[in-house]
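Heads up, the sequence shown is in the UniProt record's numbering, so the first residue is 1 and it goes up one at a time.
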Amino acid sequence: MIDLVTKLVLKPLAKALYRPTIEGLENVPRKGGVILASNHLSFVDSVVIPLAAPRQVFFLAKAEYFTGTGLKGAVSRFFFTHVINAVPVERGSVRAATASLDEGLEILNSGRAFGIYPEGTRSLDGRLYRGKTGVAWLALTAGVPVVPVALEGPQHILPVGKRIPRLRKISVKFGEPLHFDELHGQARSAKARRQVTDEVMAAIQALSGQEPAEQYNESPKAA
């Protein structure tokens, strides 16, 4: 019942308020495992993409978002569970990072869509940072296509340090699916993972028009 209310009321309401410009919906496969790899500009990116996508998209989120107490904790659990289809994961260690990839792989193997930000953390200066190779590991292990996604505007909805969302224009572009069939099964190859990741980031950059940073984003203010 809750998921039905979210689908029929909350999401249409959000679309009516923000009226996002959406391009390339035909590029998102309607069934089967697929990775939606996006640039990362704001905390609300994980709300914008599911609102725009033509199918359910699952994301990973910090486990503490699901364990709070009181009204704030209940609201947080509702939001992350029913609005953005988030899956709780622990973060902060190599073991946690591996567990996160395993969760993503399980989502893909079950034929669902999985959203990921190859940059790792949101860009605070608007540049597109170098991608980390987790997206490639998932694509090559699961044997699924990667749809590049470019967001523009979410950073103005909820700027860093603000708690109340603003009404701002946003756009979402879904690029043509990238297939890496010739490299399937080579997830253990660092060269293959780097090649795939760079191709994904190049596709995102072509859609977004962002300036490439040519370095990893190691901001302590991770999203």
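Heads up, the beta-carbon is just placed ideally off N, CA and C, and yes, glycines get one too. From a predicted model like this one, the values you see are computed outputs, not experimental measurements.
With a threshold of 16 other beta carbon atoms within 10 Å, N85 meets it and is buried.
As far as DSSP is concerned, I49 takes part in no beta bridge. DSSP, read as helix, strand or coil, puts A86 in strand. Taking G185 as reference, the option from G126, L140, E106 and L36 with the minimal CA-CA separation is L140.
A Cβ-Cβ separation of about 11 Å leaves P50 out of contact with V44 under the 8 Å criterion.
Inclusion of A142 and L108 in the CB contact set at 7 Å is warranted, their separation being smaller than that value.
If you ignore the 5 residues before and after R166, its C-beta comes within less than 6 Å of the C-beta of I157, all in its own chain and listed in chain order. In this structure, E90 sits away from A53, with a CB-CB distance that is not shorter than 7 Å. Residue pairing by DSSP places V160 in no beta bridge whatsoever. Ranked by Cα distance from V34, the options H40, V135 and E23 are led by V135. Close CB contacts of E176 within its chain, under the 7 Å cut and outside five residues either way in sequence, are with N27 (chain order).
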